[in-house]
Amino acid sequence: MERRASRRARPTAGVAGRAAARRGARPAPFAVRDGRSAHRARPATRRPRQERPRDPCTRRAPAGASVSATLDPATSARRTPRRAAPGAGARGEAQLVSLFSGAGGLDVGLERAGWSTTVATDVDADCVRTLCAAQRAALPVRGRTSHRHLQGARLLLQDVRTLSAADLRPERARADWRPDLLAGGPPCQPWSSAGHQRGLEDPRGQLLAHMLRLVGELRPRFVLFENVRGLVTALGPTGRPGEVLESIQADLAALGYASRVATLNAADYGAAQRRVRLLLLASAEYELPEFPAPTHARLPSGPQGLPFGPEVKPWVTLGETLDALPAPEEAEVVRPAGPRAAALEALEPGQGLRTGGRVEANRPGGHWGYRQDSFLADPSLPSRTIRAASTPDWVRESDGRLRRLTVRECAVLQGFPADWPLQGGAASRFRQVGNAVQVDVAQALGEVLLQSLRRGPAAVPPVSPPWPAQLLRRTRYTAMEHRVNGAHRVRVRAAGQAGASGATSPAVEA
Ligand SMILES: C[S@@+](CC[C@H](N)C(=O)[O-])C[C@H]1O[C@@H](n2cnc3c(N)ncnc32)[C@H](O)[C@@H]1O
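For what it's worth, the UniProt record's numbering labels the leading residue of the sequence shown as 1, then goes sequentially.
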């Protein structure tokens, strides 16, 4: 249906992910525990026996071998010596351990806020290659003139299920070393509205338990967890929406950590993208900061009807962001072609093509046939959520022609520096960008966490506040919706009919 102007990019083979699956690391049971004593709580998840992690940035490909082969975690049997970490910690900086680091969106934002990454890890070879390339490029951290992104960080190509606290400590650190912050967003497909909502049935959902295990082993001063909004309403073992998130908080409580949760929209923090994500902040001994106040709001009025002012500005639009970027190279440009081209050309901004009204099994509310790959972006708004797919929204150029957003434009909408050196084929780069934590949100969170760290431990241990009303409303709505549509959705899923029908009537953006 569409034509790439250049040689078609090779899709990536996902070598590292498949290799990890072949190795058959045991999924951890997801434990729902009561709030018993934290410090004595045994981790519910055991680490499979595994070779020690290595630093892929220091590896050279043997003659004739592909780089991805040398970056395959399954083939890594030796541990390479750790390089000294000249930046991290050496100047009394706030130290970050980054799990599920992907292309580094969360790290970029946290580093802008003042944190220093001591170690970043991921199981995907292209992601770690991106992090290595960014480190080599020594890109300056915006607002911190003497700092470079990932300066001195150890970058590990490693399955989280095989990591221990010892693997994550800096060189020469004592056995009781604790990071100031452990941050990560485990894969979100199990709960994503763009996925199939399998939640805890999905082995990827179990990776969460390993993040919690590492919290127990490392005892960071703060924990930052990011995930899709679908996690708020994800069904737990008894089928109740909200149960999964409650169980994460209960597991943290069992480790002595109070936690606070909220959903934040990146557009409210200056991103030219509407992207709502679940955020969780936790600490065992420091005051839990409030979530950062929005700095931007939707036109025509600010939050709670307040006028815009120096504190709250209007949302940044897609149009103004694209106008500030150089025009894409023709080789990057994808234009509509094939039978759907005419329907796409007829779309108004903010409209997309429908699939003919078939219920899709992957939406909590029943997804009445919107094609996620066929939307014409509205330049007067922040973009829709950047997805981890190589079919981003279409934009209309000044001469009236349509083209897809490029991966570079998507990366900028995600807040990455324009020269962030994404590695891998086109599909992999789109995936890395779409999976990232939006950088402006990460920065805003990093700032409030850093303020709390600098105030020192609280006089009394922090307490988990109740969920915001908005989250409670969503779980109640999902429970009601599930009662109405759940059985039907199970039937549709069983029949394997989640595919699109290809009908092309326009639908206005939700
Ligand atoms: C949502 S993305 C994280 C994005 C990242 N925080 C960022 O801001 O760019 C989840 C990441 O988890 C990684 N991942 C998946 N399974 C993993 C595993 N078993 N061990 C370690 N990382 C894993 C994926 O490769 C992916 O990069």
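Even for Gly, the Cβ is constructed at its ideal location relative to N, Cα and C.
Is residue i close to ligand 1? I mean its beta-carbon at under 8 Å from any heavy atom of the ligand.
{"i": "glycine 424", "result": "no"}
{"i": "aspartate 124", "result": "yes"}
{"i": "glycine 111", "result": "Correcting the residue identity first, residue 111 is glutamate in this sequence and not glycine. Checking the Cβ of glutamate 111 against ligand 1 gives no."}
{"i": "arginine 161", "result": "yes"}
{"i": "glycine 230", "result": "no"}
{"i": "alanine 133", "result": "no"}
{"i": "cysteine 410", "result": "no"}
{"i": "alanine 444", "result": "no"}
{"i": "glutamate 226", "result": "yes"}
{"i": "alanine 165", "result": "no"}
{"i": "leucine 207", "result": "yes"}
{"i": "glutamine 432", "result": "yes"}
{"i": "phenylalanine 100", "result": "yes"}
{"i": "aspartate 107", "result": "yes"}
{"i": "glutamine 273", "result": "no"}
{"i": "alanine 153", "result": "no"}
{"i": "valine 437", "result": "yes"}
{"i": "proline 186", "result": "yes"}
{"i": "alanine 262", "result": "no"}
{"i": "cysteine 127", "result": "yes"}
{"i": "threonine 121", "result": "yes"}
{"i": "glycine 114", "result": "no"}
{"i": "alanine 266", "result": "no"}
{"i": "glycine 456", "result": "no"}
{"i": "alanine 103", "result": "yes"}
Quick one: what's residue i bridged to in DSSP?
{"i": "histidine 296", "result": "Lys313"}
{"i": "tryptophan 394", "result": "Leu376 and Arg404"}
{"i": "aspartate 122", "result": "Leu157"}
{"i": "tryptophan 115", "result": "Ala94"}
{"i": "alanine 258", "result": "Ser283"}
{"i": "alanine 459", "result": "Answer is none; alanine 459 lacks a bridge partner."}
{"i": "threonine 263", "result": "Leu278"}
{"i": "phenylalanine 222", "result": "Leu181"}
{"i": "valine 228", "result": "Arg277"}
{"i": "leucine 235", "result": "Pro241"}
{"i": "valine 108", "result": "Paired residue(s): none; valine 108 is not in a bridge."}
Which value, in whole angstroms, describes the spacing of the CA atoms of residue i and residue j?
{"i": "threonine 263", "j": "alanine 346", "result": "35 Å"}
{"i": "threonine 238", "j": "glutamine 372", "result": "31 Å"}
{"i": "aspartate 399", "j": "serine 383", "result": "20 Å"}
{"i": "aspartate 180", "j": "leucine 450", "result": "9 Å"}
{"i": "leucine 255", "j": "leucine 299", "result": "43 Å"}
{"i": "leucine 126", "j": "threonine 406", "result": "For the sequence presented, residue 126 should be read as aspartate rather than leucine. Taking the straight line joining both Cα atoms gives about 19 Å."}
{"i": "alanine 293", "j": "arginine 340", "result": "43 Å"}
{"i": "alanine 271", "j": "aspartate 440", "result": "6 Å"}
{"i": "glycine 236", "j": "leucine 252", "result": "17 Å"}
{"i": "glutamate 348", "j": "valine 276", "result": "24 Å"}
{"i": "alanine 173", "j": "leucine 325", "result": "43 Å"}
{"i": "threonine 317", "j": "leucine 182", "result": "32 Å"}
{"i": "asparagine 227", "j": "glutamate 329", "result": "33 Å"}
{"i": "leucine 278", "j": "valine 261", "result": "7 Å"}
{"i": "valine 333", "j": "alanine 411", "result": "15 Å"}
{"i": "proline 140", "j": "alanine 436", "result": "20 Å"}
{"i": "alanine 166", "j": "alanine 175", "result": "7 Å"}
{"i": "arginine 154", "j": "tryptophan 115", "result": "15 Å"}
{"i": "glycine 350", "j": "threonine 391", "result": "16 Å"}
{"i": "asparagine 265", "j": "arginine 274", "result": "6 Å"}
{"i": "alanine 138", "j": "aspartate 107", "result": "14 Å"}
{"i": "glutamate 287", "j": "leucine 445", "result": "14 Å"}
{"i": "isoleucine 248", "j": "tryptophan 177", "result": "24 Å"}
{"i": "alanine 284", "j": "proline 461", "result": "7 Å"}
{"i": "glycine 99", "j": "alanine 342", "result": "Contrary to the premise, residue 99 reads as leucine rather than glycine in this sequence. Spanning the two alpha carbons is a distance of roughly 44 Å."}
{"i": "alanine 479", "j": "histidine 149", "result": "43 Å"}
Please classify residue i as buried or exposed, where buried requires at least 16 other C-beta atoms within 10 Å of its C-beta.
{"i": "phenylalanine 158", "result": "For the record, residue 158 in the displayed sequence is glutamine; it is not phenylalanine. When all chains shown are included, glutamine 158 counts as buried."}
{"i": "proline 465", "result": "exposed"}
{"i": "threonine 145", "result": "exposed"}
{"i": "glycine 338", "result": "exposed"}
{"i": "valine 232", "result": "buried"}
{"i": "alanine 418", "result": "exposed"}
{"i": "glutamate 93", "result": "buried"}
{"i": "alanine 113", "result": "buried"}
{"i": "histidine 147", "result": "buried"}
{"i": "threonine 385", "result": "buried"}
{"i": "serine 101", "result": "buried"}
{"i": "leucine 131", "result": "buried"}
{"i": "glycine 456", "result": "exposed"}
{"i": "glutamate 397", "result": "exposed"}
{"i": "alanine 162", "result": "The amino acid at residue 162 is misidentified as alanine; the sequence shows threonine. With 16 or more Cβ atoms within 10 Å of its Cβ, threonine 162 is classed as buried."}
{"i": "glycine 143", "result": "exposed"}
{"i": "proline 336", "result": "buried"}
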